[in-house]
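J.:
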Amino acid sequence: GTTSSNVLTVLPYGAFLTVVSGPETVDDIDWYLVDADGTEGYVAGEYLIADASFVFAADDLVIVNTGSLNLRSDASASADILSTLIFGQGATILAGPTNADGYDWYQVDVDGTTGYVARDFIAYDVATTGDTAETSAPADGTSLFVNTDTLNIRDTPSTTGGVLETLTFGDTVTVSGVYSTADGYTWAELTTADGTTGYGVADYLTDDEAALLLQPGAAATVNDAELNLRATAGLNGEILATLTTGDALTIISASESIDGYLWYEVETEAGTGWVAGMYLVAS
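For the sequence shown, our numbering gives the first residue as 7, with consecutive numbering after it.
1) Leaving out five residues before and five after Ile264 in sequence, what residues of the same chain have Cβ atoms less than 7 Å from its Cβ?
2) Let me know if Ile257 comes out buried or exposed under the rule of 16 or more other beta-carbons within 10 Å of its beta-carbon.
3) Would DSSP call Ala106 helix, strand or coil?
4) Specify the secondary structure class of Ala208 as computed by DSSP and reduced to three states.
5) Which stretch, first to last residue, makes up the beta strand (DSSP E) that contains Leu220?
6) Could you pull the start and end residues of the beta strand (DSSP E) that Asn234 belongs to?
7) Taking just the CA atoms, how far does Ala208 sit from Val181?
8) Can you name the start and end residues of the beta strand (DSSP E) that Val169 belongs to?
9) Considering only the alpha carbon of each residue, which of Ser82, Glu244, Phe62 and Ala225 lies closest to Gly108?
10) Take every Cβ of the region 224-236, pair it with every Cβ of the region 273-288, and state whether three or more of those distances are shorter than 8 Å.
11) Should Val272 go down as buried or exposed, given a rule of 16 or more other Cβ atoms within 10 Å for buried?
12) Please classify Thr156 as buried or exposed, where buried requires at least 16 neighbouring CB atoms within 10 angstroms.
13) For the beta strand (DSSP E) that contains Thr90, what are its first and last residues?
14) Whose CA, out of Asp66, Gly167 and Leu91, lies closest to the CA of Pro103?
15) Can you give me the Cβ contacts of Thr119 inside the same chain, cut-off strictly under 8 Å, excluding the 5 residues immediately before and after it?
16) Under the three-state reduction of DSSP, which class applies to Ala83: helix, strand or coil?
17) Per DSSP, what are the beta-bridge partners of Gln292 in this structure?
18) I need the DSSP call for Thr24, collapsed to helix, strand or coil.
19) Please list the terminal residues of the continuous beta strand (DSSP E) segment that includes Asp41.
20) So, at 6 Å on beta carbons, what are the nonlocal neighbours of Ile35 in its own chain, with the 5 sequence-adjacent residues on each side left out?
21) So Ala247 and Gly277 are supposed to be a Cβ contact under 8 Å. How far apart are they, rounded?
22) Could you tell me the distance, in whole angstroms, from the CA atom of Leu91 to the CA atom of Thr203?
23) Considering Phe151, what are the terminal residues of the beta strand (DSSP E) in which it resides?
24) Out of curiosity, what's the CA-to-CA distance linking Thr251 and Gly168?
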């Protein structure tokens, strides 16, 4: 682990992970090798706390911190599945934790549906503290890139707000640091390169410039332990094969935003299909 190493992923506050080894001191920082939902990498120890000391409270807002997560009718791995949540989807803690089947379970509210989720796969949502709440992350003046085909900049943080400007993949924006939630999305207040100030969906912004290299014809590799190659873009696409860390592929077409992911059509040794872009790195 070093401060100059490639960034594999960004973990939100409260993300659950397992320490594999460490510490290893480099650049005057104690680094730990950790496993975060199947992805291994190094993190600075000063930003870790023991899991036993972190307990969600009622009304805390959390997000799904894995590719998909079952919302169950009771605190049990065998309870009926009410729905399947996707990465980044939000929920409100109602009660818990309750230990069962090797997991700590929390009762949550997801858009009016009450159910239970395993604590291992949720993280504290630092972008919101309520339906109309605002926080200051990232700091004023942060530059981000548009990471979807098109992004509407609106005059209010809402899907009904007037469209001031439409940005495309790779365009840059400057974020004011003010975030809010409405209509099921987290909105960032930002200024475009043309000087337009408005609001855009934060999920479609990234600080990872390397992701912009994933254009048609580009070479990339898988950076996740297991990555499904699907027949169509989306979590409902038929699984054609399972790729693993280090597998090489070639980007065929630009990304699509479906089910909370940016999808890429790719060519691999296992065939041609679609994969979620967050698990790829340019090579």
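Glycine included, C-beta positions come from ideal geometry on N, C-alpha and C.
T.: The relevant details are as follows:
1) Ala239 and Gly240
2) buried
3) strand
4) Three-state DSSP puts Ala208 in a helix.
5) First-last for Leu220: undefined, no H or E at that position.
6) Leu233 to Arg236
7) Roughly 10 Å between the two C-alpha positions.
8) Its beta strand (DSSP E) spans residues Val169 to Thr174.
9) Ser82
10) yes
11) buried
12) By the C-beta density criterion, Thr156 is exposed, having fewer than 16 other C-beta atoms within 10 angstroms.
13) Ile87 to Ile92
14) Asp66
15) Leu77, Leu88 and Ser89
16) In the structure shown, Ala83 falls within a coil segment according to DSSP collapsed to helix, strand and coil.
17) Nothing about residue 292 can be read from this structure; the chain reaches only from 7 to 289.
18) strand
19) Per DSSP, the continuous beta strand (DSSP E) segment holding Asp41 begins and ends at Ile35 to Ala42.
20) Ala50
21) 6 Å
22) Going from the Cα of Leu91 to the Cα of Thr203 covers about 32 Å.
23) Thr148 to Val152
24) Taking the CA atoms as reference points, Thr251 sits about 43 Å from Gly168.
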